[in-house]
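Read through the structure below, which is laid out as structure tokens, and then see the notes.
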Amino acid sequence: MNSNHVSLVTQNLTKHFDHFVAVDDVSFSVQRGEIYGLLGPNGAGKTTTIRMLLGLLTPTSGNAAVLGYDIVRQAEEIRQRVGYVSQKFSLYSDLTVAENFNFYGGVYGISQQTVAHRRNEILRMVGLNGQEDVRVSNLAGGSRQRLALACALSHQPEFLFLDEPTAGVDPLSRRVLWDLIYDLAENGTSILVTTHYMDEAENCHRLAFIYQGRVVAEGTPREMKEKQMQAQVVEIDCENTDAALPALREAKLFDEVALYGSLIHAIGENAAGNLARARDILAAKGVPVKSADVILPSLEDVFIARLRSVDTLANPGD
Amino acid sequence: MIFIQSLTKQFGQTVAVKALSLDVGQGEVFGLIGPDGAGKTTTLRVISTAMAPTAGRVTVGNVDVTREPEVVKTMIGYMPQRFALYPDLTVLENLNFFADVFGSPREQRAGLIERLLGFARLTEFQARQARNLSGGMQKKLALAATLMHRPRVLLLDEPTTGVDPVSRREFWDLLTEVHLEGVTIVITTPYLDEAERCTRVGLMYRGELIACDTPGRLREGIGAVVLEARSAQALQARRVIEAGDGVLAVSTHGDLLRLLVDRAERATTVQVAWQVHGIAVSDLRAVKPRLEDVFVLMLEQMSHPKGDLRDG
């Protein structure tokens, strides 16, 4: 691996708050132009990790470098070269689009002239050109997030941290934002993104599942689906799912039986093998199965299965 | 159970909901989806009696929401986007408080609370103050509070926004229990994988209902073929075909390309285009459409009508 191509590397990064271990021995790296996703439930340590990488928190142990700069000793250098958009990115709602951009440009110490020039270019890129004089309070949620991204780009960062950038944004606006993220990555910007949306996790080049401060799985979205999941997912199409669902749960043939509209998803180690038995049970209840297929698990299925297996290892008696 | 006829709601010059007609049957899980500002929240507010319609008629269980809002209120549970729990009260105190507010019968209360806490997996947290619950737990508690008067209709406005995947799945497990008891549910969500879990889905756009059917029939009726392929140069691969004839939409997801095309033969033309440009693409294949594909396609057609759109 050519070290010139590594934008971020963490080695055994750990953060304790008193007795609470927020981040526990986390090691990963992000290549130049790569979109790397951090996924995990609330409290898993994602934001604490980002705050350490930005030099806002000092690690208890371990180390990390962003763009070749040490996060403890060279935090200033890092902050001048990275952009950060959080879910609660503060835009000034009584200022206009242009005024917000100018403000952030000023914070990064960029000259007025350069700011004006970049503003045109970056606002065009995020699709907010022509809306320079609109007050932020009158912007829709998707446009606000794009403005937040534009502000974080005012100093042309080489690395971008996006902490849940699309929470509460509708699906079409999320697509637009992701197209922007791809364009940035293609032009060499490296990106670390956290998200709750599993369909967005699929957009990352690589990702890590974080749980209780630890990386419990890492890989491309495809590797995660093909390698990280021991269980199978069977999609069952039958009449009267309301009778079928409790019957299947009671039979305890699967780890999880969930309703998907008019379909049932049954998940378990040997879900396909248990299907014949499930058919018999349903037939006895007067519910014939119309079709049943083994389907590729969603990333969310993989994620939840992985977290549950971590829990089971931690509490084997459960 | 819910009957909406030509519902219109205006705020000054803005028409938030335009001549919406919709029937939601007893026991359905009905999903309302659409971009921000499509009118989903306004529709829920009118059904909940929180807001009067400008025109049209809405009934819940044959009771008119405008003429007898007090009766309707006893039948519905409404969970707005920012449901206000009392942060300094415990889980149990919150539930008792909402039971009092909604006039839930005292003799059934203890049993109901026990059952709801069990469903919501909050039993062991019942003495914890609401402020010390995680976001996902707060949402489950809010749902439990909304259920304290045993409503027959549940109206949920983006109940899982900002909730992590594990809590989101637990929330849906709880909703499934409620559904199995015969409660009618109307839910808005920005997550299209959640829409897949509804018995029927309505897509709203600029105040109008532009599609409404089961997820299965919406997917079957997409009127397009979905192709997937893999490429290390996914972005370049996308650029050389996205303006091509019959290519309706292209998206990239890491090294995965997802194409919506008008017919299956386009697979050949896009492959030729990639070869001409020297872009290596593998594993091209047709895949099942998802609701997101339907959603993207319908909204593209609404915002850029290409003429001769046949009636469904």
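Residue numbers (the numbering used here), protein chains in the order written: chain A, 1 to 318; chain B, 1001 to 1312. All C-beta atoms, glycine included, are put in the ideal place defined by N, C-alpha and C.
Could you tell me the alpha carbon to alpha carbon distance between residue i and residue j, rounded to whole angstroms?
{"i": "Q230 (chain A)", "j": "A314 (chain A)", "result": "18 Å"}
{"i": "L149 (chain A)", "j": "Q212 (chain A)", "result": "29 Å"}
{"i": "V1240 (chain B)", "j": "P1035 (chain B)", "result": "29 Å"}
{"i": "H1253 (chain B)", "j": "C204 (chain A)", "result": "7 Å"}
{"i": "Q1236 (chain B)", "j": "L180 (chain A)", "result": "15 Å"}
{"i": "P221 (chain A)", "j": "S1104 (chain B)", "result": "48 Å"}
{"i": "G1312 (chain B)", "j": "G1221 (chain B)", "result": "The predicted position of G1312 (chain B) is uncertain, since its pLDDT is 31 and thus under 50; no value can be drawn from it."}
{"i": "I1076 (chain B)", "j": "E1070 (chain B)", "result": "10 Å"}
{"i": "E254 (chain A)", "j": "D311 (chain A)", "result": "It should be noted that the sequence gives Phe, not Glu, for residue 254 (chain A). Distance between the alpha carbons of F254 (chain A) and D311 (chain A): 18 Å."}
{"i": "G317 (chain A)", "j": "L1122 (chain B)", "result": "With a pLDDT of 49 at G317 (chain A), under the threshold of 50, the modelled position of that residue is not reliable, and no figure is offered here."}
{"i": "I295 (chain A)", "j": "R1290 (chain B)", "result": "14 Å"}
{"i": "A1234 (chain B)", "j": "Q145 (chain A)", "result": "25 Å"}
{"i": "Q1013 (chain B)", "j": "F1003 (chain B)", "result": "26 Å"}
{"i": "M198 (chain A)", "j": "S1251 (chain B)", "result": "16 Å"}
{"i": "V1296 (chain B)", "j": "A1016 (chain B)", "result": "21 Å"}
{"i": "V72 (chain A)", "j": "G55 (chain A)", "result": "6 Å"}
{"i": "K225 (chain A)", "j": "I267 (chain A)", "result": "14 Å"}
{"i": "K1009 (chain B)", "j": "Q1026 (chain B)", "result": "25 Å"}
Verify whether the separation of the beta carbon atoms of residue i and residue j is less than 8 Å.
{"i": "L1256 (chain B)", "j": "R1238 (chain B)", "result": "no"}
{"i": "L39 (chain A)", "j": "L192 (chain A)", "result": "no"}
{"i": "G1031 (chain B)", "j": "T1189 (chain B)", "result": "yes"}
{"i": "V136 (chain A)", "j": "N102 (chain A)", "result": "no"}
{"i": "T1176 (chain B)", "j": "L259 (chain A)", "result": "yes"}
{"i": "V234 (chain A)", "j": "A292 (chain A)", "result": "yes"}
{"i": "A1038 (chain B)", "j": "L1092 (chain B)", "result": "no"}
{"i": "G142 (chain A)", "j": "V107 (chain A)", "result": "no"}
{"i": "E1114 (chain B)", "j": "K1140 (chain B)", "result": "no"}
{"i": "L1095 (chain B)", "j": "M1148 (chain B)", "result": "yes"}
Just confirm the distance between the C-beta atoms of residue i and residue j, as a whole number of angstroms; I'd bet it's less than 8 Å.
{"i": "V216 (chain A)", "j": "S154 (chain A)", "result": "Wrong, their Cβ atoms sit about 36 Å apart, outside the cutoff."}
{"i": "F1125 (chain B)", "j": "L1174 (chain B)", "result": "14 Å between Cβ atoms; not a contact."}
{"i": "K46 (chain A)", "j": "T166 (chain A)", "result": "Contact flag wrong, Cβ pair sits at about 15 Å."}
{"i": "S27 (chain A)", "j": "N12 (chain A)", "result": "6 Å"}
{"i": "L986 (chain B)", "j": "L1227 (chain B)", "result": "With chain B covering 1001 to 1312 only, the question about residue 986 (chain B) has no answer from this structure."}
{"i": "V1186 (chain B)", "j": "L1044 (chain B)", "result": "7 Å"}
With a cut-off of 8 Å, does the C-beta of residue i fall near any C-beta of chain B?
{"i": "N203 (chain A)", "result": "yes"}
{"i": "D70 (chain A)", "result": "no"}
{"i": "D318 (chain A)", "result": "With a pLDDT of only 42 at D318 (chain A), under 50, the local geometry of the prediction cannot be trusted, and the value read off the model is given with reservation. Judged by the 8 Å Cβ criterion, D318 (chain A) is not in contact with chain B."}
{"i": "D242 (chain A)", "result": "yes"}
{"i": "S262 (chain A)", "result": "yes"}
{"i": "E132 (chain A)", "result": "no"}
{"i": "A22 (chain A)", "result": "no"}
{"i": "L162 (chain A)", "result": "no"}
{"i": "P288 (chain A)", "result": "no"}
{"i": "L153 (chain A)", "result": "no"}
{"i": "P221 (chain A)", "result": "yes"}
{"i": "E121 (chain A)", "result": "no"}
{"i": "G142 (chain A)", "result": "yes"}
{"i": "E300 (chain A)", "result": "yes"}
So which residues of chain B does residue i contact, with C-beta pairs closer than 8 Å?
{"i": "L245 (chain A)", "result": "T1176, L1180"}
{"i": "M198 (chain A)", "result": "P1165, D1193"}
{"i": "R175 (chain A)", "result": "S1251, V1296"}
{"i": "A167 (chain A)", "result": "T1161, G1162"}
{"i": "L307 (chain A)", "result": "V1166"}
With a threshold of 8 Å between beta-carbons, can residue i be considered close to chain A, or not?
{"i": "T1041 (chain B)", "result": "no"}
{"i": "P1087 (chain B)", "result": "no"}
{"i": "T1184 (chain B)", "result": "no"}
{"i": "G1162 (chain B)", "result": "yes"}
{"i": "T1054 (chain B)", "result": "no"}
{"i": "D1308 (chain B)", "result": "Residue placement at D1308 (chain B) cannot be trusted, given a pLDDT of 40 that sits under 50; what the coordinates show is reported in the next sentence. For D1308 (chain B), the answer is no, since every Cβ of chain A falls outside 8 Å of its Cβ."}
{"i": "L1299 (chain B)", "result": "yes"}
{"i": "E1028 (chain B)", "result": "no"}
{"i": "R1121 (chain B)", "result": "no"}
{"i": "R1206 (chain B)", "result": "no"}
Chain A partners of residue i, CB-CB under 8 Å?
{"i": "D1293 (chain B)", "result": "Ordered by position in chain A, no residue passes the 8 Å Cβ test against D1293 (chain B), which lies about 11 Å from the chain."}
{"i": "T1199 (chain B)", "result": "G261, S262"}
Give the interface partners of residue i over in chain A, defined as CB-CB distance under 7 Å, in chain order.
{"i": "T1252 (chain B)", "result": "Y182"}
{"i": "L1235 (chain B)", "result": "Y182, E186"}
{"i": "R1219 (chain B)", "result": "The premise fails here: R1219 (chain B) is roughly 11 Å from chain A at the closest Cβ pair, so nothing lies under 7 Å."}
Going along chain A in order, which residues have a C-beta closer than 9 Å to the C-beta of residue i?
{"i": "S1134 (chain B)", "result": "P41, N42, G43"}
{"i": "C1215 (chain B)", "result": "First, the amino acid is wrong: residue 1215 (chain B) is Pro here, not Cys. Correct list: Y260, G261, S262, L263."}
{"i": "E1070 (chain B)", "result": "Near E1070 (chain B) there are no residues of chain A at all, since even the closest Cβ is about 31 Å away, more than 9 Å."}
{"i": "T1014 (chain B)", "result": "Within chain A, no residue comes near T1014 (chain B); the closest Cβ sits about 13 Å away, beyond 9 Å."}
Going along chain B in order, which residues have a C-beta closer than 7 Å to the C-beta of residue i?
{"i": "D170 (chain A)", "result": "P1035, D1036, P1190"}
{"i": "I281 (chain A)", "result": "Chain B residues near I281 (chain A): none, gap ~17 Å exceeds 7 Å."}
At 9 Å on the CB atoms, spell out the chain B contacts of residue i, in chain order.
{"i": "F303 (chain A)", "result": "P1165, V1166"}
So is the beta-carbon of residue i under 7 Å away from any non-hydrogen atom of the ligand SAM?
{"i": "L299 (chain A)", "result": "Looking at this structure, you won't find the ligand SAM or any other ligand, since it has none at all."}
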